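Below is one structure, written out as structure tokens; the observations come after it.
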Amino acid sequence: MTVAEFRRRVREVLGNADVRAEVAEIAAYGPDRESGNPRAYRALGEHGLLAPAWPAEYGGLGLGAAEAAVITEELVYAGVPDDAHVLSVDIVGAFLLAAGTERQKAEHLPPLARGERIATVLFTEPGCGSDLTALTTRARREGEGWRLHGTKIYTQKSQFGDVALCAARTTAGPVAMHGITLFLLPLRSAGVHVEPLPGLANDRFSTVLIDGVLLGPEAVVGAVDDGWRLMTDMLQLERTGIDFHAKARRLLDTVVDRAAATGQLDDAELAGRLAELDGAVRAGGTLAWEMVANLDRGTPDPVASAMTKWFVTEQFRPLLAAGADVFGLDGALSVHDEEAPALGQLDAAYRVGPAHRLASGTSEVMLSVVATAGWGLL
Amino acid sequence: MGVVVTTVVETSPATLRERCAELFDDELSPVLRRIGQHRTGAGPDEEDRALRAGVWAALAELGALAPAAGRTADDRVALADVAELMGAALYPSPYAGTVTAAAVAGPGVLAGITAGERTFAVAWHTEGTADPATPGPEWTHGPLSGERRFVAFASEVDELVVPVAAGVAFVPVDQPGVRFRRHDELGRGDLHAVTLGSAHARFVPADPAVLLAGARVRHAAYLAGLARGALELAVARLKDRTAFGGPLAKQQVLAHRVAALASRAAAVLAFARATARRPADDPGLPLAAAQALLLAAELARESAAESVHLHGAAGMTERHDVSLYYRRAAVDVPALGTPRQLRRHAGALLAAAHRRNPSHR
């Protein structure tokens, strides 16, 4: 099956009536409601399509990074929230595939691939965001296992999650990068409290309090004390920017469609501005797909990946500004206003806008990677 | 015409780029970018011309002209890659015009081009403010008259290529009906005003919009290279220059500016290379080409200016080559349309494409 055929197959599944009804349903959610584990994931998972790059024994199709990227793009284009998928499959699943034990993979990957469970990430803390070496969640030896205490913040989808990949300090020492360990933390256990925090975006951040949870030795992912290297490697190597690219493309298409429908595309100045943005989105998409091809070849390039993530997400501000100009005040109408154009997409995109340059490594972290590893600066 | 020797060399983009990168190395590039850089108005002397001819022959030997006709996607990417290297080195040559001519040249002429024996200059501009996307005059036969301005290397090439309504006119320069005047300009390059007075010319049918699109894609790669070359000089300076108790390279605000422009250069080059893969009959080619060049033009302008700034006042002196990038950006950026013209052209094409096919994803 070629990648184009694969994409057609995915579009068929995402085009079915149930998925479309669910998309409309989610788009109309009120401010206190967000999607957890959409039915669309299970519709894809049923055919092994949700995690196509995983081996068949773990619920995938044994395909490559290109097919995985197609899933991410098509979820976004269809209007299905993809964050839970990115967290579960692209991040936690990828960590387990690369560093998990056979037992961890057999237990967690198949239900994630079927879209039946959600896995989330617990790295960030009140005192550390970009600088993960400063994390203070502790894991103390207790018998053969580990007892965890700490607070994680700005986590997404944990209120719906089954398990989380949690970074905790296992050894204190002079080298902060050493002594961090990754654990699989069951989110629905006594001692784990998840508190959603209302914010700008529909999808809320949660604070996760870890209050003395006891984990067995089988919860450790990778080697004890080796978590920082794993986190850095995985986040740098698996970064393609494809999820951000798809969101940028969808937003731009919404704006161009609106401009065409309202006759504004006949305005040469506006058309030129949108064409320039379209060029930048295409350029970002080209880079993102090059990163996907690098993964497929087994030659990931952390500097190019950082350039890609930075470039793609830098387009959101000008895209939102162009959207605001094209939609005018109508763009500020929420989905609950009966006159809201394009299902209130612009309002939602504006509110989530700041997230893109912050999530998965801020713009500044990306530039530092480029400056140091790419150009020998800093 | 003498015996045409064709050099058979492999032309995969990666290997050609590697071979040419050896020519445009740290030693030769600074020499190449200084060719013809004399006091205002002086123009290239005999030594300059000899050096230029030597480098051109070396390029042909390396196979840089072998893919000139751009028949396959790989060939077109290889041409963009060579253009990028030339931009980074700031190497002045008739490469752009010659490759554009190759797309419409017959087999005999093409053999001369790939062997490095025939060169061409394309006369895109009727005047400085003219938009190269505007169709040329109706002409298919008979003597050709008119004014063209800002024609690169017009006095050194074998023939001029003048875009007309339904193709191009090939005009041999060595005839009484062709007169030149070298422009004295900011980039200290080899731009000429050309007067055609009942010149002999031969018509070759072609779609000038497609020719322009191909040229724009390669020029986008050239400008991405120009940006890279300027940034490399800036980075060397930041590592060399000490201030506030350490090298400037340690200053995050400066490093991030370089990293941001370098990331844009990577995006522009990737886009230009992807666009180069599109065949001439791809209806989306002109839009993508205009977009790639627009992004590249703004990038080159900003990178050149920022790289001078990162040098401090030293960047404004002749001691530092970064000033050459700043000069050349001024004439190279608008060579195939100013950013404003490119934006308008791309806007019109985007609107037309949306009318034809609203579900464009």
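Residue numbers (this note's numbering), protein chains in the order written: chain A, 444 to 821; chain B, 11 to 371. Ideal Cβ positions, reconstructed from N, Cα and C, are used throughout, including at glycine. For clarity, every value in this text was computed on a predicted model and none was experimentally measured.
Same chain, Cβ closer than 8 Å to B:Pro-215, neighbours up to 5 away in sequence not counted: Mapped onto the second sequence, residue 215 of chain B falls at position 205. If we look at B:Pro-215 and ignore the five residues flanking it on each side, its Cβ neighbours are Ala-176, Gly-177.
Between the CA atoms of B:Asp-342 and B:Pro-257 - distance to the nearest angstrom: As a working mapping, residue 257 of chain B is identified with position 247 in the second sequence. As a working mapping, residue 342 of chain B is identified with position 332 in the second sequence. For B:Pro-257 and B:Asp-342, the distance between alpha carbons rounds to 32 Å.
Cβ of A:Leu-414 within 8 Å of any chain B Cβ: For chain A, the structure presents residues 444 to 821; residue 414 of chain A sits outside this window and is missing.
6 Å Cβ shell around B:Ala-88 - same chain, five flanking residues per side excluded: Counted from its first residue, the second sequence places residue 88 of chain B at position 78. Within the same chain, B:Ala-88 has close Cβ partners Thr-21, Pro-23, Leu-26, Pro-77.
Beta-carbon neighbours of A:Thr-729, restricted to chain B and to distances below 7 Å: For the purposes of this step, residue 729 of chain A is taken as residue 286 along the first sequence, with counting starting at 1. Simply Ala-280, Phe-281, Ala-284.
For A:Lys-595, the three-state DSSP class (helix, strand or coil): For the purposes of this step, residue 595 of chain A is taken as the residue at position 152 of the first sequence. If DSSP states are grouped into helix, strand and coil, A:Lys-595 belongs with the strands.
Terminal residues of the alpha helix (DSSP H) in which A:Leu-640 lies: Here residue 640 of chain A refers to the residue found at position 197 of the first sequence. Element bounds for A:Leu-640: not the alpha helix (DSSP H) but the beta strand (DSSP E), 635 to 640.
Any chain B beta carbon closer than 8 Å to A:Leu-680: Within the first sequence, residue 680 of chain A is the residue found at index 237, counting from 1. No, no contact with chain B.
Contacts around A:Asp-780, its chain only, beta-carbon distance under 8 Å, and the 5 residues preceding and following it disregarded: Looking up residue 780 of chain A in the first sequence gives position 337. Excluding positions up to five away in sequence, the list reads Gly-787.
Contact check, B:Thr-108 vs B:Thr-129, beta carbons under 8 Å: Here residue 108 of chain B corresponds to residue number 98 of the second sequence, with the count starting at 1. Here residue 129 of chain B corresponds to residue number 119 of the second sequence, with the count starting at 1. Yes. Within cutoff.
Residues of the segment 807 to 821 of chain A whose Cβ lies closer than 9 Å to any Cβ of chain B, in chain order: Glu-807, Met-809, Leu-810, Ser-811, Val-812, Val-813, Ala-814, Thr-815, Gly-817, Trp-818, Gly-819, Leu-820, Leu-821
Ordered list of alpha helix (DSSP H) runs contained in the segment 78 to 123 of chain B, each at least 4 residues: Within the segment 78 to 123 of chain B, the complete alpha helix (DSSP H) runs of at least 4 residues are 83 to 99, 105 to 112.
Any chain A beta carbon closer than 8 Å to B:Arg-192: By one-based count along the second sequence, residue 192 of chain B stands at place 182. No, because no Cβ of chain A sits closer than 8 Å to the Cβ of B:Arg-192.
Which of helix, strand or coil DSSP assigns to A:Trp-497: Start at 1 with the first residue of the first sequence, and residue 497 of chain A comes out as number 54. In this structure, A:Trp-497 counts as coil in the three-state DSSP scheme.
Alpha helix (DSSP H) runs wholly inside the segment 669 to 754 of chain A, at least 4 long, in chain order: Within the segment 669 to 754 of chain A, the complete alpha helix (DSSP H) runs of at least 4 residues are 670 to 680, 685 to 704, 711 to 740.
C-beta contact flag for B:Arg-43 and B:Leu-334 at 8 Å: Working through the second sequence from its first residue, we reach residue 43 of chain B at position 33. Working through the second sequence from its first residue, we reach residue 334 of chain B at position 324. In contact: B:Arg-43 and B:Leu-334 (Cβ atoms closer than 8 Å).
Interface residues of the segment 254 to 274 of chain B facing chain A [CB-CB below 7 Å]: Ala-259, Lys-260, Gln-262, Ala-265, His-266, Val-268, Ala-269, Ala-270, Ala-272, Ser-273, Arg-274
Inter-residue spacing [alpha-carbon to alpha-carbon] between B:Arg-238 and A:Gly-543: For the purposes of this step, residue 238 of chain B is taken as residue 228 along the second sequence, with counting starting at 1. For the purposes of this step, residue 543 of chain A is taken as residue 100 along the first sequence, with counting starting at 1. Each residue's alpha carbon lies about 41 Å from the other.
Range of the contiguous alpha helix (DSSP H) that encloses A:Val-532: For the purposes of this step, residue 532 of chain A is taken as the residue at position 89 of the first sequence. Looking at the DSSP string, A:Val-532 is not in any alpha helix (DSSP H), and its letter there is neither H nor E.
B:Arg-228 classed as buried or exposed, judged by whether at least 16 other C-beta atoms fall within 10 angstroms: Translated into positions along the second sequence, residue 228 of chain B becomes position 218. B:Arg-228 is buried by the Cβ-count criterion.
Residues sharing a beta bridge with A:Glu-662, DSSP: One-based indexing of the first sequence puts residue 662 of chain A at position 219. Sequence inspection shows Ala at residue 662 of chain A; the Glu mentioned does not correspond to that position. Paired residue(s): none; A:Ala-662 is not in a bridge.
Reduced DSSP category for A:Leu-821 - H, G, I as helix; E, B as strand; rest coil: Start at 1 with the first residue of the first sequence, and residue 821 of chain A comes out as number 378. Coil at A:Leu-821, not helix or strand.
Cβ neighbour criterion (16 or more within 10 Å) applied to A:Pro-569: Translated into the one-based positions of the first sequence, residue 569 of chain A becomes position 126. By the C-beta density criterion, A:Pro-569 is exposed, having fewer than 16 other C-beta atoms within 10 angstroms.
Short-range partners of chain A found in the segment 288 to 305 of chain B, where Cβ spacing is below 8 Å: From the segment 288 to 305 of chain B, only Leu-297, Ala-298, Ala-300, Gln-301, Ala-302, Leu-304, Leu-305 have a Cβ closer than 8 Å to chain A.
Reference A:Pro-629, options A:Gly-604, A:Asp-646, A:Arg-612, closest by Cα: Residue numbering aside, residue 629 of chain A sits at position 186 when the first sequence is read from its first letter. Nearest C-alpha to A:Pro-629: A:Gly-604.
Whole-Å CB distance - B:Val-278 paired with B:Leu-309, under 8 Å assumed: Translated into the one-based positions of the second sequence, residue 278 of chain B becomes position 268. Translated into the one-based positions of the second sequence, residue 309 of chain B becomes position 299. With a Cβ gap of about 5 Å, B:Val-278 and B:Leu-309 count as contacting.
The segment 646 to 662 of chain A touching the segment 685 to 696 of chain A, judged by at least three CB pairs closer than 8 Å: Counting C-beta pairs closer than 8 Å gives fewer than three between the segment 646 to 662 of chain A and the segment 685 to 696 of chain A, which falls short of the contact rule.
Under 7 Å by beta carbon: chain A residues contacting B:His-364: As a first step, residue 364 of chain B must be located in the second sequence, where it is residue number 354. Under the 7 Å cutoff, chain A gives Val-699, Ala-703, Leu-708.
Simplified DSSP assignment, three categories, for B:Trp-149: In the second sequence, the residue the question calls residue 149 of chain B occupies position 139. Here B:Trp-149 sits in coil by DSSP.
Delimiting residues of the beta strand (DSSP E) encompassing B:Glu-169: One-based indexing of the second sequence puts residue 169 of chain B at position 159. Residues 169 to 174.
CB contact below 8 Å: A:Arg-725 versus chain B: Locating residue 725 of chain A in the first sequence gives position 282, counting from the first residue. Yes, A:Arg-725 counts as interfacial toward chain B.
C-beta contact flag for A:Gly-586 and A:Gly-488 at 8 Å: Stepping through the first sequence from its first residue, residue 586 of chain A is reached at position 143. Stepping through the first sequence from its first residue, residue 488 of chain A is reached at position 45. Taking 8 Å as the Cβ cut-off, A:Gly-586 and A:Gly-488 do not qualify as a contacting pair.
CB contact below 8 Å: B:Leu-248 versus chain A: For this step, residue 248 of chain B is matched to residue 238 along the second sequence. By this cut-off, B:Leu-248 is an interface position.
Three-way DSSP call (helix, strand, coil) for A:Pro-617 in this model: Counted from its first residue, the first sequence places residue 617 of chain A at position 174. In the structure shown, A:Pro-617 sits in coil (DSSP, three-state: anything other than H, G, I, E or B).
Residues of its chain near B:His-135, where Cβ-Cβ distance is below 7 Å and the 5 sequence neighbours each way are ignored: Your numbering for residue 135 of chain B matches position 125 in the second sequence. Once the five neighbours on either side are set aside, the close Cβ partners of B:His-135 are Pro-142, Arg-158, Arg-159, Phe-160.
Selected residue, minimal CA-CA separation from B:Gln-47, among B:Val-65, B:Leu-196, B:Ala-93: The residue you call residue 47 of chain B lines up with position 37 of the second sequence. Of the candidates B:Val-65, B:Leu-196, B:Ala-93, the one whose C-alpha sits nearest the C-alpha of B:Gln-47 is B:Leu-196.
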